[in-house]
Amino acid sequence: MTLLRAEAPRPKEVDLTRRYDAIVVGSGAAGGMAAHVLTSRGLDVLLLEAGKKLDIEAELRSMEWPYDHPRRGEMPYTSHAINQNEYQIRKPPYAKGTAWKSVYSYVQEWSGSDYSKNILVDEKDHPYTGTPYAWVRARALGGKTNIWGRLALRLSDYDFKAKSHDGYGDDWPISYADLAPYYDKVDLYLGIGGHAEGLDYMPDGRFQRSTRLNASEVRLRQSLARRGRMLTPYRAGVTTDGLKHNKYRSKCYGRGACGRRAGGCDIHAAFDSPTGLIYPAMDTGHLTLRTGSICREVTVDPVTGKADGVAFVDMATGRSLEAKAKVVVLAASTLESTRLLLLSKSSRYPNGIGNSSGHVGHNFCEHVMGPSVGGIYKDLIGKPRTLDDGRPGAFYIPRFSNLKDKDPNFIRAYGFEGGSGTGMFPHTTSAPGFGKNYKQSIRAIEGATIGMGGFGEVLARYENAVSIDPEVVDKHGVPVLRFSFKFGDNEKKMCADMAAQAKQMFEDAGIEVLQSDGEILTEGWSIHELGTARMGNDPKTSVLNQFQQSHDVKNLFVVDGSSHVSASCQNPTWTIMALAWRSCEHLADELGKGHL
Amino acid sequence: MKRRDALKLGAAAAAVPLLPQGLAFAAEAAPVAGKFLSAPEMALLDALTEMIIPADEHSGGARAARVAAYIDGRLAEYDPTIPDLRAEREQWKAGLAAVDAASRTAGGKTFLESTPEQQLAVLTAMAAGEKDAKTDAQKFFRPLKDWTARGYYTSSIGIHDEMEYKGNVMQDEYAGIDVATLPKVEPQ
Numbered sequence: 326m327t328l329l330r331a332e333a334p335r336p337k338e339v340d341l342t343r344r345y346d347a348i349v350v351g352s353g354a355a356g357g358m359a360a361h362v363l364t365s366r367g368l369d370v371l372l373l374e375a376g377k378k379l380d381i382e383a384e385l386r387s388m389e390w391p392y393d394h395p396r397r398g399e400m401p402y403t404s405h406a407i408n409q410n411e412y413q414i415r416k417p418p419y420a421k422g423t424a425w426k427s428v429y430s431y432v433q434e435w436s437g438s439d440y441s442k443n444i445l446v447d448e449k450d451h452p453y454t455g456t457p458y459a460w461v462r463a464r465a466l467g468g469k470t471n472i473w474g475r476l477a478l479r480l481s482d483y484d485f486k487a488k489s490h491d492g493y494g495d496d497w498p499i500s501y502a503d504l505a506p507y508y509d510k511v512d513l514y515l516g517i518g519g520h521a522e523g524l525d526y527m528p529d530g531r532f533q534r535s536t537r538l539n540a541s542e543v544r545l546r547q548s549l550a551r552r553g554r555m556l557t558p559y560r561a562g563v564t565t566d567g568l569k570h571n572k573y574r575s576k577c578y579g580r581g582a583c584g585r586r587a588g589g590c591d592i593h594a595a596f597d598s599p600t601g602l603i604y605p606a607m608d609t610g611h612l613t614l615r616t617g618s619i620c621r622e623v624t625v626d627p628v629t630g631k632a633d634g635v636a637f638v639d640m641a642t643g644r645s646l647e648a649k650a651k652v653v654v655l656a657a658s659t660l661e662s663t664r665l666l667l668l669s670k671s672s673r674y675p676n677g678i679g680n681s682s683g684h685v686g687h688n689f690c691e692h693v694m695g696p697s698v699g700g701i702y703k704d705l706i707g708k709p710r711t712l713d714d715g716r717p718g719a720f721y722i723p724r725f726s727n728l729k730d731k732d733p734n735f736i737r738a739y740g741f742e743g744g745s746g747t748g749m750f751p752h753t754t755s756a757p758g759f760g761k762n763y764k765q766s767i768r769a770i771e772g773a774t775i776g777m778g779g780f781g782e783v784l785a786r787y788e789n790a791v792s793i794d795p796e797v798v799d800k801h802g803v804p805v806l807r808f809s810f811k812f813g814d815n816e817k818k819m820c821a822d823m824a825a826q827a828k829q830m831f832e833d834a835g836i837e838v839l840q841s842d843g844e845i846l847t848e849g850w851s852i853h854e855l856g857t858a859r860m861g862n863d864p865k866t867s868v869l870n871q872f873q874q875s876h877d878v879k880n881l882f883v884v885d886g887s888s889h890v891s892a893s894c895q896n897p898t899w900t901i902m903a904l905a906w907r908s909c910e911h912l913a914d915e916l917g918k919g920h921l
Numbered sequence: 416m417k418r419r420d421a422l423k424l425g426a427a428a429a430a431v432p433l434l435p436q437g438l439a440f441a442a443e444a445a446p447v448a449g450k451f452l453s454a455p456e457m458a459l460l461d462a463l464t465e466m467i468i469p470a471d472e473h474s475g476g477a478r479a480a481r482v483a484a485y486i487d488g489r490l491a492e493y494d495p496t497i498p499d500l501r502a503e504r505e506q507w508k509a510g511l512a513a514v515d516a517a518s519r520t521a522g523g524k525t526f527l528e529s530t531p532e533q534q535l536a537v538l539t540a541m542a543a544g545e546k547d548a549k550t551d552a553q554k555f556f557r558p559l560k561d562w563t564a565r566g567y568y569t570s571s572i573g574i575h576d577e578m579e580y581k582g583n584v585m586q587d588e589y590a591g592i593d594v595a596t597l598p599k600v601e602p603q
């Protein structure tokens, strides 16, 4: 079968002398969605991306066999990935004083790092300061959607109305009913594989063909069902049946390249922002894209106090440039959008634009990771192997804590992402010794192993925050973020339960536990930063209204994860896109009425 | 499909003549220097990797998969101006020297000059410290084993012949069981 690949559309000429309808800053899940919705409403949009447009298929090369690569997929040996130990014993900036030519976040430790080295930022060029934090950033067209883990989950009113449920924090200014139609739109426009389970705490989507479960996963699913818990096939933001309306993406062919390296699907069955959202938006004729444009400030009309554009550094020349628009939409990722708000200081907005509440940078939340379990389902030892890594993901165990019952030790919840079965590389580390027995034992257990790790909700707390470092600047002269972020008591107690429950669930299912870990990974590990410009009904305690519109500056929108009021324990990308869709429709309506 | 089949056939065809050739290498052929390691070091590393993952009736071993050349190639690319890389290079040279030193202590000869039984005893003593390494030779065992496994299981022989991995091909349907067909289980 020959795979036809549609070429990326020809870019429109950038015109910095004109006033666009909207400027969108950032081209990941949020920025791509903003560009899609606004251009589909006929608005002329300038999309600014700090990184380059990569030849992404040439980067990912996901069909390449490891032995056809000179370093078996590893990045050049002059580069270094920060490891867990370094994150713990040192403080950022982690690349300070290093002899390495390039330093990357921990993600580059994964097998196949040569395929993601141009997507992730070099920590030498992009430092940050403060408390330990594993901050994973992608600067390239599409951002982190180029390498994301693809788990596409909906939040529920257990999340949107969490305060009403347990008294902690704040409710979101929306409920599930407000967002459900937009989740539907995202599902149908981008494609999602999944199996409907009818859970009120993790609502079903408009699913395409689901992946399947192998024997050990079925065993665990049925065992969990006896306890009233759920294991469902990985709900992947992957089009498993194809999308007739998108010529840039292929359906998933289950090739088995998904688990091999830091994500990345070069047939674009897995959602990525360029092929899923940006190229189709360019085809409307309304989208102008400018890459290598590092925004450093939202500019303000001194008369009206409204945003009138952005100031940015041109990556190629280092020149400072400006672009003008009627509306500014920030979608640069949670922390980069926050950095931009804080950097946009003026006499009118001395604490940064949109920050009269003083909440910008605060209420920083995410997911805590670390506790995990690995085991072996002995009935499968020596059995014929199935091609399990042809699936975009294996399984997900949604939350079960604090639904009907109240856990005495912690509030909120956690879920597990799991994997099992045959992969390209066998499990070699757990087998002891050497020689013929070692080799045979690796072969025998391949396909019989199963493992999973937890993702827990980190509570939004005002004191967990980022601010602008008064001294340190990045390669482009832009002041950097300073972290003040620590997991708290609730996270620690939750993780203790996570580790114990994981082990218990395996044992109950008759899976022999080989490894059980309760250690908490460094803050930031989940790559799910959220909350630093939260929505709310009260302008005194929130930054944005329910349409991700600044309370202070009505033509300024922040449509990424910074707007989330709480972290939930379910992965945020699908919610980011559903919210951005809803907000950008509102934006277009309001602009049409002359309200902005 | 075609590309993969060709690769698989190529790997299988290559493995057959390589096996006897590889086995003869240590005994007869003059040792050849690597890009970083010396000829005697390469010969020692080659023997050690083959002992860790040997050829058996199922597939070729580390020697056929040229694991020593892979490790040497990796070390050769290490930039010695970067302290961590220089240290890791030295660790490999020192580790190989420690194996010979342990062999001399045990039987008076270098590892390669020793009998297969003596060689097995030396490597077994190294592996005994796998979880809690004390001697220099024991400390070398874990990196030696890890990199042998990595080199072997990323090789064509490791992936196609040994593990018989069938992936990287298009499939009409995902492997596994359709959840909709499972019997419903009620909570107890």
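Taken in order, these protein sequences are the chains called A and B.
In my numbering, each residue carries its 1-based index in the first sequence increased by 325.
In my numbering, each residue carries its 1-based index in the second sequence increased by 415.
Using N, Cα and C, we set each Cβ at its ideal position, and we do this for glycine too.
query                                                                                                                   : result
L655 (chain A), enclosing beta strand (DSSP E) - first and last residue                                                 : 645-655
Beta carbon proximity, M749 (chain A) to chain B, threshold 7 Å                                                         : yes
beta-carbon G861 (chain A) near the ligand GDP non-hydrogen atom, thresh 6 Å                                            : The model on display carries no ligand, and the ligand GDP is accordingly not part of it.
Under 7 Å between C-beta atoms of L538 (chain A) and P558 (chain A)                                                     : yes
Straight-line gap, A439 (chain B) to S453 (chain B) (C-alpha atoms, nearest Å)                                          : In this predicted model, A439 (chain B) has a pLDDT of only 38, less than 50, meaning its place in the structure is not dependable enough to derive any value.
Within chain B, the residues that K576 (chain A) reaches when beta carbons sit closer than 8 Å                          : Going along chain B, no residue has its Cβ under 8 Å from K576 (chain A), so there is no contact; the nearest lies around 10 Å.
Per-residue burial, R551 (chain A) [other beta carbons within 10 Å of its own, 16 or more giving buried]                : exposed
Other residues of its chain near H684 (chain A): CB distance less than 8 Å, five sequence neighbours each side excluded : Y787, A858, R859, T866, S867, V868
9 Å Cβ cut-off: residues of chain B touching Q547 (chain A)                                                             : L597, P598, V600
Length at least 3, wholly inside the stretch 761-819 of chain A: the beta strand (DSSP E) runs in chain order           : 774-782, 790-798, 804-809
N583 (chain B) (DSSP reduced to helix, strand or coil)                                                                  : coil
Within-7 Å CB hit, R330 (chain A) to chain B                                                                            : no
CA nearest to the CA of S529 (chain B), picked from B:M541, B:A540, B:D515, B:T539                                      : B:D515
Residues within the stretch 365-394 of chain A neighbouring chain B, beta-carbon criterion of under 8 Å                 : M388, W390, P391, Y392
N583 (chain B) to E782 (chain A) span [Cα, whole Å]                                                                     : 35 Å
Where D713 (chain A) meets chain B, residues with beta-carbon distance less than 8 Å                                    : A590, G591
Cβ neighbours of Q436 (chain B) in the same chain (closer than 7 Å, five flanking residues each side left out)          : Legend: pLDDT at Q436 (chain B) = 37, less than 50; position of this residue unreliable, value from coordinates given subsequently. So no residue of the chain qualifies.
8 Å Cβ cut-off: residues of chain A touching T569 (chain B)                                                             : P391, Y392, R397, G398, F750
Nearest-angstrom beta carbon gap, F882 (chain A) and V638 (chain A) [assumed within contact, 8 Å]                       : The pair is not a contact, with the Cβ atoms about 22 Å apart (cut-off 8 Å).
Exposure of G661 (chain A), with buried meaning 16 or more beta-carbon neighbours within 10 Å                           : For the record, residue 661 (chain A) in the displayed sequence is Glu; it is not Gly. That one is buried.
Residues near N880 (chain A) by beta carbon distance below 6 Å, same chain, minus five either side                      : K631, A632, V652, L921
Coarse secondary structure for M388 (chain A), derived from DSSP in three states                                        : coil
Cβ of R344 (chain A) within 7 Å of any chain B Cβ                                                                       : no
Cβ-Cβ distance between G776 (chain A) and F741 (chain A) below 7 Å                                                      : no
C-alpha gap between S697 (chain A) and D842 (chain A), whole angstroms                                                  : 5 Å
Option nearest K817 (chain A) by Cα separation, candidates A:N862, A:N676, A:R737, A:G351                               : A:R737
Range covered by the alpha helix (DSSP H) that runs through R557 (chain B)                                              : 551-568
Contact list for E545 (chain B) against chain A, beta-carbon separation under 7 Å                                       : P757
Chain B contact residues for E771 (chain A), given Cβ-Cβ distances below 7 Å                                            : M578
For T403 (chain A), the first and last residue of its enclosing beta strand (DSSP E)                                    : Per DSSP, T403 (chain A) belongs to no beta strand (DSSP E) and is neither H nor E.
C-beta atoms of I499 (chain A) and Q873 (chain A) nearer than 7 Å                                                       : no
R489 (chain B) classed as buried or exposed, judged by whether at least 16 other C-beta atoms fall within 10 angstroms  : buried
Local Cβ density within 10 Å of E542 (chain A), reported as buried at 16 or more and exposed below that                 : buried
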